[in-house]
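This report concerns only the one structure given below.
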Amino acid sequence: MPFFTVDGQALHYIDQGTGPAVLLAGSYLWDQAMWAPQIAALTPHYRVIALDLWGHGESGRLPEGTASLDDIARQAQALLDHLSIDRVTLVGLSVGGMWGVRLALSAPQRLNGLVLMDTYVGVEPEPTRQYYFSLFKQIEDSGEISEQLLDIVVPIFFRPGIDPQSALYQDFRAKLAAYSSDRLRESIVPMGRITFGRDDLLPRLGELNAATTLVLCGDQDKPRPPSEAREMAELIGCPCVLVPEAGHISNLENPEFVTQILLSFLSEYEKFSS
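Here you go:
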C-alpha cells in the first residue's frame with residue numbers, strides 16, 4: 001500500500017486508474033474506504049487518489065506542528081507534487097471540503113474542478129463547537145469512545161431514518177470503538193479540534209471559480225444542514241444539489257445518486273483536464 005512521508009509522518013493513500021486525476025478527500029472519523037462506491041465507478045475513466053487523514057485508516061499520527069486545516073491542505077498538495085499531478089478535480093466531503101477549499105484558494109492553478117460535499121467553511125457555530133470540544137475532552141480523559149459516546153457520535157453521521165442494525169451503521173460504530181487510546185489522544189482528538197476550531201473562509205468563497213465548482217449536501221444532513229450548503233453555493237455563485245434520503249455521509253447513504261452527479265460533473269469539465 002502506498003505511503004508518502006510528509007512532515008515526518010507516513011500519509012497513506014490509494015492511487016488507482018488512469019486518466020484525468022480526481023482527489024477524494026473524506027470525512028473526519030472515516031478513512032478512504034468510505035469512497036468505495038465512487039472509486040469503483042470512477043477508476044475505469046479517471047486516475048483516482050484517496051487519502052487517509054492523520055490517525056485514520058493506515059496513515060500515521062498527526063505530525064508535530066500540524067495545527068490548522070491549512071497545514072492539511074499543504075500536505076495534500078505535497079502528495080500531488082510527489083505523484084507528479086499538476087491538475088486535479090477535488091471532491092471534498094466534510095473536513096475534506098474544509099481543507100479542500102484552502103487548497104483551491106492557495107493553489108487555484110492546480111484545480112480542474114471542486115466539489116464540496118456536506119461541508120461548511122464558516123466558523124463552527126459556538127454552541128456546536130463547545131459541545132464537540134466537550135466530547136473531545138471526555139474521549140481524551142478516558143482514552144476511549146465509550147458506549148455512551150458511541151450512542152451520541154455515530155447517529156450524527158447518518159440520516160435520522162437509517163436502520164441502526166445496518167452494516168453501514170454497525171461497521172462505523174465498531175471502527176470507532178476499536179480506536180486505541182494513543183491514536184485517540186495523539187491524532188483523532190487533535191484533528192477534531194483543528195476541524196471544529198477552524199477560522200472563517202466564507203468571505204473568500206467568491207474567489208473560487210463558480211463555473212467549475214459544485215456544492216452537494218444530503219437532504220437530511222444534521223451536522224452540516226442544507227442551509228449551510230445553500231449559503232456557500234450562493235457566495236460562490238455555483239449550483240447546489242441536495243442528495244435525497246441522505247445524511248452527512250451522503251455518498252454512502254445514496255451512492256448511486258452521488259456517483260452519477262460526480263460522473264456528470266467530471267465529464268462536463270474533462271476539457272479542463274486535457
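Each residue of the sequence shown is one higher than the last, beginning at 1 in full-length UniProt numbering.
C-beta atoms are modelled at their ideal positions from N, C-alpha and C, and glycine is treated no differently.
The beta carbon of Ala-33 is closer than 8 Å to those of Gly-57 in its chain, skipping five residues each way along the sequence.
The DSSP-derived three-state label of Gln-9 is strand. Between Glu-256 and Arg-159, the C-beta gap is not smaller than 8 Å, which leaves the two residues out of contact. Assigned with DSSP and collapsed to three states, Ala-67 falls in coil, not helix or strand.
Residue ranges of uninterrupted beta strand (DSSP E) with 3 or more members, entirely inside the region 71-149 and ordered along the chain, are 88-93, 111-117. Apart from sequence neighbours up to five positions away, the residues of its chain that approach Gly-60 with a beta-carbon distance below 6 Å are Gln-9, Ala-10, ordered along the chain. Of the candidates Leu-69, Leu-53, Gln-220, Pro-63, the residue whose Cα lies closest to the Cα of Ile-156 is Gln-220. Between Gln-77 and Ala-107, the beta carbon gap of about 6 Å places them in contact (Cβ cut-off 8 Å).
Inter-segment contact for the region 88-95 and the region 178-185 is absent: fewer than three beta-carbon pairs are separated by less than 8 Å. Annotated three-state conformation of Gly-19 is coil, per DSSP. A Cβ-Cβ contact shorter than 8 Å links Asn-251 with Pro-37. Contact between the region 233-242 and the region 198-207 is present: 3 or more CB-CB pairs across the two stretches fall below 8 Å. Beta-bridge partners assigned by DSSP to Ile-14: Ala-50.
Looking at the DSSP output, Val-258 shares a beta bridge with no other residue.
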